[in-house]
Every structure is written in C-alpha cells, then in structure tokens.
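Residue numbers (my numbering): -6 to 153.
Glycine included, every Cβ here is placed at the ideal spot set by N, Cα and C.
Since we're looking at a predicted model, the values are computed, not measured.
Notes to accompany the following structure.
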C-alpha cells in the first residue's frame, strides 16, 4: 500500500511539471546577430480550434550591451496576410542585473501573442529581426553581440 502512495505522489509531481507547450524551436546565431539576418520559423499543423500563447525565447550573454531589446516580428499567414510588430523587451534592470534565468547564458521567455487562434489551415511563418540602435544614433547596430539563440515556443491556452 505504501508503494502505491509513493507511485501516486511521483505521478502527481510529474504531471504537475508538464506544460501546455505544443511547439518549441531555437535557431543559434554566430558570434553576433547581423542586422540583415532574419530568423525564421515555419509553424504548421496548428489546431484551428485552439487558442495559443506565443513566446519569443531569447538567450543572451554578458556581451549584450543593452538593457532593452528591440525586435521586428512579422507573422505571415497562409493566405498571404502579414502582421508586422515592432517590439521592445526589457532584458535587464536599471542597475544592469539580467532578468533572464541561467548563469553565463540567460534565457528570456518573452510574450509575443496572448490567447491567439490560428484560424487558417496551412503554414504560418514567423520572421524575427533585431532592430537595435546605439544611443544618439540613427543607424542600426550592424552586428548585435551577446544574443546566442532566438527561439519560439507555443503553448495551448486554457481559455477557449
């Protein structure tokens, strides 16, 4: 009987650790993120009856010299429609302490779309590009250092 109780406890702990994640992918970058490099993700076979939360996942090192990260994200729909968002994410506190989790590489899970439904069948394409500028400069940062990986994760929402 005691073994059944232990098994039940282990199953509950394991079940409690599961997420609603249905998709996750990362793309590694070289030593820096070139201004011209667009990181692309192809999203296929998403349930058209389910609502999702979409996150951008960014991994950075201490070589990232900014407190904020500016991104341009384009979502291309199967029918050709395109939604473009210019996004700003806080990556560090004002004192310079990183907000992500981890030691030498910080992982940041950043909200992109909340409770969204992909109504159309087909492949959605998500394109992410960096839009950083140095202070008092109009020109963009040509080679953004300190970003090691760009990822996307999609979780099923509990709201339908």
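- Annotation for residue 78: 66 place their beta carbon closer than 6 Å to its own, counting only its chain and skipping 5 residues before and after.
- Relative to residue 108, the option among 100, 42 and 102 whose CA is nearest is 42.
- Listed in chain order, the non-local C-beta contacts of residue 19 below 6 Å within the same chain comprise 142 and 144, local neighbours out to five positions each way being set aside.
- Per DSSP, the unbroken beta strand (DSSP E) holding residue 75 starts and ends at 75 to 83.
- Judged by DSSP in its simplified three-state form, residue 22 adopts coil rather than helix or strand.
- Excluding sequence positions up to five before and after residue 70, its CB lies within less than 7 Å of the CB of 113 and 117, all in the same chain and listed in chain order.
- In the DSSP assignment, residue 146 falls within the unbroken beta strand (DSSP E) covering 140 to 149.
- The stretch 11 to 30 and the stretch 100 to 107 do not touch, with fewer than 3 CB-CB distances between them shorter than 8 Å.
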